[in-house]
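First residue of the sequence shown: 70, per the working numbering; consecutive thereafter. Worksheet: one structure, shown below.
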Amino acid sequence: MSDDLFENAPTSSGDYDASSIEVLEGLEPVRRRPGMYIGGTDDRALHHLVAEVLDNSMDEAVAGHATRIEVRLDEGNRITIADNGRGMPVDEHPKFPGKSTLEVILSTLHSGGKFSGKAYATSGGLHGVGVSVVNALSSDTRVEVARDKQLYAQSFSKGQTLGPLEQLGPTPNRRGTTVSFVPDTEIFGDRQFSPKRLFKLARSKAYLFAGVEIRWKCAESLASEDVPSEAVFKFPGGLADHLAEQLGGRECVTAQPFAGSQDFPDEAGRVEWAIAWPLYSDGSTSWYCNTVPTPDGGTHEQGLRGALTKALRAFGELTGAKKAKDLTADDVMTGAEVMLSVFIRDPQFQSQTKDRLTSPEAARLVENAVRDHFDHFLADNMDRGKALLGQVMERMDERLRRKQEREIKRKTATNAKKLRLPGKLTDCSGEGDGETELFIVEGDSAGGSAKQARNRKTQAILPIRGKILNVASATADKIRANSEIADLTLAMGCGTRKDCDPENLRYDRIIIMTDADVDGAHIATLLMTFFFQEMTEVVRNGHLYLAQPPLYRLTAGKESRYARDDAHRKELEETVFKGKKVEVGRFKGLGEMNPGQLRETTMDPDTRSLIRITLPPEFEDRAKVKDLVDQLMGRNPEHRFNFIQNNAGEFDREMIDA
């Protein structure tokens, strides 16, 4: 072991004893590590505070207890959100003698009425941390509750209770909860709420639940041409109204958009959608779960994509358009204006900020609900259906043309003597109907299994040896001299940095396939860093993916299922295998799987799941993103440590079907 490991070690154990161990109580963990709860302390995190409180009021409305919500922005960076729902409970909490339930909700993490499902069938606030986190990160919080014709109030500062619950007297004509707060400048600095951003948030919530009226108010000094001082939002048509406003006067492929709603079986929730295909402009997507925006989509998106694609393929077969069988979800969705809102029980999100829905059942529920409606939409008016199919097939033809051009370049490059491909690359023939894929795997053992499991026509395998060079902390000369990097670059065929041209990429998908353990995650991180820095345009164009190999195999009798992680294993044990004696096998690595298992779980496009790697919205500000990559992957380990400490609670792996 190297001596320099101990160079700065303390000479005795006196520096590390019982007194060194901190126990953070109450809401202090939130103030110490806000990034774990709201994703940081930037403008996005600041406005997330408003979303947390507003989501609680929306949950009251969706549950049928509130019809009106008021959002008010005042000078001094104060926001107030009021509803006419049931009002927070104010009686003494049975587990906290001497404390009102209101105080427990505001000052205790993981307290709330949404865990058991008794108070709310579906809800956007799930983890019992929302309003308590807002309280912890605010310098001045006041809550008023009108309940049972009495008015109560309590004040807080930085998570601390300033006094007991006050009973202010009778209020016969008022009911509901009012939360007013000012974000703490110690946490957020001088950042101010954006009236325009909050106005848009309030308006979007009204579209998501037709039964609610949202009233917007802001101080005259904060109003502008885009943001009035007062407005009332109520949209009986829900998402259809939202879509009509977004389309404006744009001409679309179909005169009527595809819009509707459907309850799920067994009172599992409901889905609402509104979709149009503009002729001469780009589209956009808006995804929601329980009124919470999920900008990164997720499993509800996956269900919608499946429903639209399968219905159009079937319509093509019905009308004799045989080529429609080659349609993909991207052909259908590209350029469309898409809005999807689901309400489901106990949804799972990627993180506390809920950017992506990961509930597996959402895909099935949405696909089954939307599919029938879209079949009718296409077949009830054959001219409309044929017009849409024609537009989508034009997009498909363009995609296939570009693919053919890439294939020609790929074959030319493969056959050209001047281009040396890596000797350990097991290439595909490129002669199949599917898109070509390159799997980057770690080690010869995993590489051997992958070669036997692959589709030889469309899937190529490139094994790498262990952890590749960390390009974020290496010099340009060291990068050029590294054999693993050279092999990766040759296999891609598209060049690096300013010379990177995705049109020359030899494969449609690049899939990083590593073991489902810490070492595998480290290797995947190094590879993602390589692509981010050396082949940015490949990532930008959506060619890079992470495979999702399972960690466990569960067997009961003749039935076997695979679990991607501990949470998925628990879910399967509580649903599919409930009450059964289950044998659990844990895969230590991809090399331990036989080729059939690897193909079924990780490589077969019909049964696998992939995560697409995308660039963050802030990517255009290259300096900011480059700085983040340098923090995580650069030479200074202290930056890495601090980032992990601040964000460890956020990371949860999620899946989307590819």
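Note that beta-carbon positions come from the ideal geometry of N, C-alpha and C, so glycine has one too.
Simplified DSSP assignment, three categories, for residue i
i, result
"residue 53", "Because the chain in this structure spans residues 70 to 727, residue 53 falls outside the shown range and cannot be described."
"residue 334", "helix"
"residue 665", "helix"
"residue 162", "strand"
"residue 248", "strand"
"residue 363", "coil"
"residue 238", "strand"
"residue 427", "coil"
"residue 197", "Its pLDDT being 37, under 50, residue 197 is placed unreliably by the model, and nothing is read from it."
"residue 152", "strand"
"residue 354", "strand"
"residue 571", "helix"
"residue 98", "helix"
"residue 190", "Caution applies to residue 190, whose pLDDT of 47 falls short of 50 and renders its modelled position unreliable; the value that the coordinates give is listed next. It is coil, neither helix nor strand."
"residue 733", "Nothing can be reported for residue 733: it is not among the residues displayed for the chain, which extend from 70 to 727."
"residue 143", "strand"
"residue 642", "helix"
C-alpha gap between residue i and residue j, whole angstroms
i, j, result
"residue 407", "residue 528", "32 Å"
"residue 601", "residue 543", "14 Å"
"residue 307", "residue 431", "21 Å"
"residue 138", "residue 219", "20 Å"
"residue 354", "residue 346", "12 Å"
"residue 440", "residue 578", "28 Å"
"residue 464", "residue 454", "16 Å"
"residue 93", "residue 159", "The predicted model places residue 93 with a pLDDT of 49, which falls under 50 and marks its position as unreliable; any figure quoted below should be read in that light. Roughly 27 Å between the two C-alpha positions."
"residue 122", "residue 391", "51 Å"
"residue 380", "residue 444", "6 Å"
"residue 569", "residue 369", "34 Å"
"residue 499", "residue 630", "32 Å"
"residue 509", "residue 633", "19 Å"
"residue 564", "residue 513", "26 Å"
"residue 689", "residue 558", "Unreliable positioning characterises residue 689 in this predicted model, as indicated by a pLDDT of 48, which lies under 50. The coordinate reading is nonetheless provided below. The alpha-carbon atoms of residue 689 and residue 558 are separated by roughly 24 Å."
"residue 589", "residue 162", "46 Å"
"residue 584", "residue 671", "11 Å"
"residue 604", "residue 423", "29 Å"
"residue 147", "residue 640", "42 Å"
"residue 164", "residue 330", "42 Å"
Residue closest to residue i, alpha-carbon to alpha-carbon, out of the options
i, options, result
"residue 656", "332, 619 and 676", "619"
"residue 397", "414, 373, 205 and 387", "373"
"residue 394", "364, 156 and 384", "384"
"residue 299", "146, 286 and 103", "286"
"residue 468", "403, 668 and 436", "403"
"residue 658", "643, 644 and 621", "621"
"residue 204", "106, 523, 596 and 358", "106"
"residue 337", "673, 97 and 434", "434"
"residue 517", "668, 490 and 643", "668"
"residue 596", "571, 553 and 617", "553"
"residue 492", "556, 442, 447 and 450", "556"
"residue 126", "327, 382, 246 and 216", "246"
Integer Cβ distance of residue i from residue j, believed to fall under 8 Å
i, j, result
"residue 214", "residue 171", "6 Å"
"residue 428", "residue 341", "With a Cβ gap of about 17 Å, residue 428 and residue 341 do not count as contacting."
"residue 521", "residue 664", "4 Å"
"residue 550", "residue 660", "At roughly 29 Å, the Cβ-Cβ gap does not stay under 8 Å, so residue 550 and residue 660 are not in contact."
"residue 212", "residue 173", "Their Cβ separation, rounded to whole angstroms, is 12 Å, which puts residue 212 and residue 173 out of contact at 8 Å."
"residue 135", "residue 129", "4 Å"
"residue 323", "residue 457", "6 Å"
"residue 533", "residue 511", "6 Å"
"residue 576", "residue 679", "Rounded, the Cβ-Cβ distance is 14 Å, inconsistent with contact."
"residue 581", "residue 593", "5 Å"
Same chain, Cβ closer than 7 Å to residue i, neighbours up to 5 away in sequence not counted
i, result
"residue 209", "226, 250 and 251"
"residue 587", "none"
"residue 363", "356, 357, 423, 424, 425 and 426"
"residue 566", "603"
Beta-carbon proximity list for residue i, same chain, < 8 Å, skipping 5 on both sides
i, result
"residue 232", "223 and 224"
"residue 611", "681 and 683"
"residue 366", "354, 356, 425, 426 and 725"
"residue 547", "538"
"residue 349", "319 and 320"
Own chain partners of residue i with C-beta closer than 6 Å, once the 5 adjacent residues on each side are dropped
i, result
"residue 288", "143 and 144"
"residue 196", "Its pLDDT being 35, under 50, residue 196 is placed unreliably in this model, and the value from its coordinates should be taken loosely. Closer than 6 Å at the Cβ level, and outside the excluded window around residue 196, lies no residue."
"residue 400", "461, 464 and 465"
"residue 494", "531 and 560"
"residue 296", "264, 265 and 268"
"residue 284", "139 and 301"
"residue 624", "652"
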